[in-house]
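For reference, the structure is listed below as structure tokens.
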């Protein structure tokens, strides 16, 4: 690989530093030009790029061939395949539950086997990089972006299960990245939408947030994704970790002795885009210690950033030695991966994989409360929330199913679907609709974060009707109802979990 590095032009070296995507099911002319002109070395795909297995495999073969032709080096083709609410695999595939749901089984072997199936499917569809596992500890229940994506609320759980995910990916030849260093769990702002600030002391961080990252570094995790957050105890200048040399070079690279890839979260997220221009932020990130820059959606921004980096190297703001070290780490990581030359879509979404996932999913969904205290009766009312992306990284707004519609169609009765944060007019409709009903079944979506959903649950708490509650993301809404109810945390808004819940209602 050193020989490979020596033969690269400045344009080819800089192209290896970037990961980018495009909109649609096929690369746009603008994106293909980016590969040709800027020597773009790596790809990220989202749900809007994927329709089915055949299309995805064909797309990845084309991208790989094009990038190898232009650069001579295999690309990282990456996705966020965490499971549950954050998934990119086609629907025909075996999609694992979210991390928090998986941890409810307390079964380390089951989680390992699920991760191995995920990695194998990615490989057979032409993907060699998975932006998972999440190493954040969900220590703040008001966190709008992590929640069910985390294995839990304590460092032991996160370490225990994340190690299995990493082990499985390594065995299959898929590069995985632990995220979001130094810990996005104790924030109440989504960095897609703003810049979170962590106020904890260094000692508190060492006892909690940093524990999973230290453990995974000890286990040689190949890549770590950096959070766009400010951590005052680690960076006195109070700048985002993504552009902090103190955090990335002095602490992560030197003090923690991390030798793998340091990668950015998407530089188009508002936490960074409102902090400076793309040129300024990318150069600052590279100087701070980032190896791989994600600009996930906009080819024109990659073009601007690439030009800025080349100019920074020419004027020695970024030295050629620093650039070569970054590219060498990228090339070394690519040596360990599936080359994507031989893929077989028949090995993704097999009956065995799907059967495993169905069994795994059922084990994650555990009923709470006294079922005998709840009965549907002859005239139930079903209340749901319209599927909404509570964070930009999830895709539940694409779900074709509505919670209330599905259950009312199955059992009869009244159905109401409310907005994510219901207003007074919607809540008044609920009050009026409860009259004469025999029971109420409600599905909430991170209700603890929205005043309207909190008021909805208060109305149901003060009604005389028996209540069944399903939480379709974070499980924390149960505490908003004081009376005895039938409660089932589902951890995701999908047809597969609503089907399971529907059967529980009449068992």
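Numbering (the working numbering), first residue to last: 747 to 1253.
Glycine included, each C-beta is placed from N, C-alpha and C at the ideal position.
Next on the checklist: Which of the three DSSP states is assigned to residue 1087 in this structure?
Outcome noted: Within the chain shown, the letter at position 341 stands for residue 1087. DSSP places residue 1087 in coil when its eight states are reduced to three.
Item to check | 3-residue-minimum beta strand (DSSP E) runs that sit fully inside the region 1016 to 1078, ordered along the chain | outcome: 1038 to 1041
Next on the checklist: Please give me, in chain order, every unbroken run of the alpha helix (DSSP H) with length at least 4 that falls completely inside the region 911 to 977.
Outcome noted: 948 to 953 and 956 to 964
Next on the checklist: Run through the DSSP bridge pairs and tell me what residue 876 is partnered with.
Outcome noted: Residue 876 sits at position 130 when you count from the first residue of the chain shown. Residue 876 pairs with 825 and 922.
Next on the checklist: For a quick check, are the C-beta atoms of residue 989 and residue 1053 less than 9 Å apart?
Outcome noted: Counting from 1 along the chain shown, the entry for residue 989 is found at position 243. Counting from 1 along the chain shown, the entry for residue 1053 is found at position 307. Contact: no.
Item to check | Candidates 1243, 876, 899 and 1184: closest to residue 1103 by CA position | outcome: Within the chain shown, residue 1103 is the residue found at index 357, counting from 1. Cα-wise, what sits closest to residue 1103 is 1243.
Item to check | Given 8 Å, three or more beta-carbon pairs between the region 1155 to 1166 and the region 1212 to 1219 | outcome: no
Next on the checklist: Looking at the secondary structure, which residues open and close the beta strand (DSSP E) in which residue 995 lies?
Outcome noted: Stepping through the chain shown from its first residue, residue 995 is reached at position 249. It is not in any beta strand (DSSP E) - residue 995 carries neither H nor E in the DSSP assignment.
Checklist entry - Grouping DSSP H, G and I as helix and E and B as strand, with all else coil, what is residue 764? => result In the chain shown, the residue the question calls residue 764 occupies position 18. Strand at residue 764.
Next on the checklist: I believe residue 1168 touches residue 1122 by the beta-carbon criterion, under 8 Å. Please report the beta-carbon distance rounded to the nearest angstrom.
Outcome noted: To locate residue 1168, count along the chain shown from 1; it is residue 422. To locate residue 1122, count along the chain shown from 1; it is residue 376. At roughly 23 Å, the Cβ-Cβ gap does not stay under 8 Å, so residue 1168 and residue 1122 are not in contact.
Next on the checklist: In this structure, how does DSSP classify residue 785 when only helix, strand and coil are distinguished?
Outcome noted: Position 39 of the chain shown holds residue 785. Assigned with DSSP and collapsed to three states, residue 785 falls in coil, not helix or strand.
Next on the checklist: Give me the residue from 1236, 1085 and 1188 with the minimum Cα distance to residue 821.
Outcome noted: Here residue 821 is taken as the residue at index 75 of the chain shown, counted from 1. Taking only the C-alpha atoms, the option nearest residue 821 is 1085.
Checklist entry - Among 1023, 1014 and 1058, which residue has its Cα nearest to the Cα of residue 1041? => result Your numbering for residue 1041 matches position 295 in the chain shown. Looking at the Cα atoms, 1014 is the closest of the given residues.
Next on the checklist: Between residue 966 and residue 976, how many whole angstroms is the CB-CB distance? I'm expecting something under 8 Å.
Outcome noted: Here residue 966 refers to the residue found at position 220 of the chain shown. Here residue 976 refers to the residue found at position 230 of the chain shown. That pair is no contact at about 28 Å.
Item to check | beta strand (DSSP E) segment containing residue 1163, residue limits | outcome: Within the chain shown, the letter at position 417 stands for residue 1163. Run containing residue 1163: 1160 to 1164, per the beta strand (DSSP E) assignment.
Item to check | Own chain residues within Cβ distance below 8 Å of residue 1124, not counting five before or after | outcome: Locating residue 1124 in the chain shown gives position 378, where the first residue counts as 1. Cβ within range, chain order: 1184.
Checklist entry - In three-state terms, what does DSSP make of residue 1094? => result In the chain shown, counting from the first residue as 1, residue 1094 sits at position 348. Three-state DSSP puts residue 1094 in coil, outside helix and strand.
Next on the checklist: With three or more C-beta pairs closer than 8 Å as the rule, is the region 1225 to 1243 touching the region 902 to 914?
Outcome noted: no
Checklist entry - Between which two residues does the beta strand (DSSP E) carrying residue 839 extend? => result Here residue 839 refers to the residue found at position 93 when the chain shown is read from its first residue. Counting along the chain, residue 839 falls outside any beta strand (DSSP E), and DSSP gives it neither H nor E.
Next on the checklist: Please classify residue 952 as buried or exposed, where buried requires at least 16 other C-beta atoms within 10 Å of its C-beta.
Outcome noted: As a position in the chain shown, residue 952 is number 206, starting the count at 1. Flag for residue 952 reads exposed.
Item to check | Bridge partner(s) assigned by DSSP for residue 1007 | outcome: Numbered from its first residue, the chain shown carries residue 1007 at position 261. Answer is 969, bridged to residue 1007.
Checklist entry - Quick one: is residue 1199 buried, meaning 16 or more other Cβ sit within 10 Å of its Cβ, or exposed? => result If you number the chain shown from 1, residue 1199 lands on position 453. With 16 or more Cβ atoms within 10 Å of its Cβ, residue 1199 is classed as buried.
Next on the checklist: Going by C-alpha to C-alpha distance, which of 772, 1006 and 1130 sits closest to residue 1081?
Outcome noted: Locating residue 1081 in the chain shown gives position 335, where the first residue counts as 1. For residue 1081, the nearest C-alpha among the options comes from 1006.
Next on the checklist: My parser needs the alpha helix (DSSP H) runs of 4 or more residues fully inside the region 1096 to 1127; what are they?
Outcome noted: If one requires a minimum length of 4 residues, the alpha helix (DSSP H) runs lying completely within the region 1096 to 1127 are 1097 to 1110, in chain order.
Next on the checklist: Please report whether the beta-carbon of residue 1079 lies at a distance below 9 Å from any beta-carbon of chain E.
Outcome noted: Absent here is chain E; the protein component of the structure consists of one chain.
Checklist entry - Where do the N-terminal and C-terminal ends of the beta strand (DSSP E) with residue 1332 fall, by residue? => result Given that the chain is displayed from residue 747 to residue 1253, the structure contains no residue 1332 and the question cannot be resolved.
Checklist entry - On the premise that residue 1205 lies in contact with residue 1176, defined as a C-beta separation below 8 Å, what is that separation, rounded to the nearest angstrom? => result Indexing the chain shown from 1 puts residue 1176 at position 430. Indexing the chain shown from 1 puts residue 1205 at position 459. Indeed they touch by this definition, with Cβ atoms about 6 Å apart.
Next on the checklist: Let me check understanding here. Comparing Cα to Cα, which of 982, 917 and 924 lies closest to residue 944?
Outcome noted: As a first step, residue 944 must be located in the chain shown, where it is residue number 198. Per the Cα distances, 982.
Checklist entry - If you run the structure through DSSP and keep just helix, strand and coil, what is residue 1215? => result Sequence index remark: in the chain shown, residue 1215 carries index 469 (1-based). Strand.
Checklist entry - For residue 926, which option in 920, 938, 919 and 915 has the closest C-alpha, if you only look at C-alpha atoms? => result Numbered from 1 along the chain shown, position 180 holds the residue referred to as residue 926. Answer by Cα proximity: 938.
Checklist entry - How would you call residue 855, buried or exposed, if buried means at least 16 neighbouring beta carbons within 10 angstroms? => result Working through the chain shown from its first residue, we reach residue 855 at position 109. In summary, residue 855 is exposed, with fewer than 16 beta-carbon neighbours lying within 10 Å of its beta-carbon over all protein chains present.
Item to check | Assigned secondary structure, residue 898 (DSSP; H/G/I helix, E/B strand, else coil) | outcome: For this step, residue 898 is matched to residue 152 along the chain shown. Of the three classes helix, strand and coil, the one that applies to residue 898 here is coil, per DSSP.
Item to check | Beta-carbon proximity of residue 846 to residue 898, cut-off 9 Å | outcome: Your numbering for residue 846 matches position 100 in the chain shown. Your numbering for residue 898 matches position 152 in the chain shown. In this structure, residue 898 lies closer than 9 Å to residue 846 by Cβ.
Checklist entry - Would you report the Cα separation of residue 781 and residue 794, rounded to the nearest angstrom? => result Counting from one through the chain shown, the residue named residue 781 turns up at place 35. Counting from one through the chain shown, the residue named residue 794 turns up at place 48. For residue 781 and residue 794, the gap between their C-alpha atoms comes out near 20 Å.
Item to check | Given residue 1190 as reference, the closest of 1212, 1182, 1162 and 1179 once Cα atoms are compared | outcome: For this step, residue 1190 is matched to residue 444 along the chain shown. The option with the nearest alpha carbon to residue 1190 is 1162.
Item to check | DSSP-derived helix/strand/coil call for residue 1233 | outcome: As a working note, residue 1233 is residue 487 in the chain shown. DSSP places residue 1233 in strand when its eight states are reduced to three.
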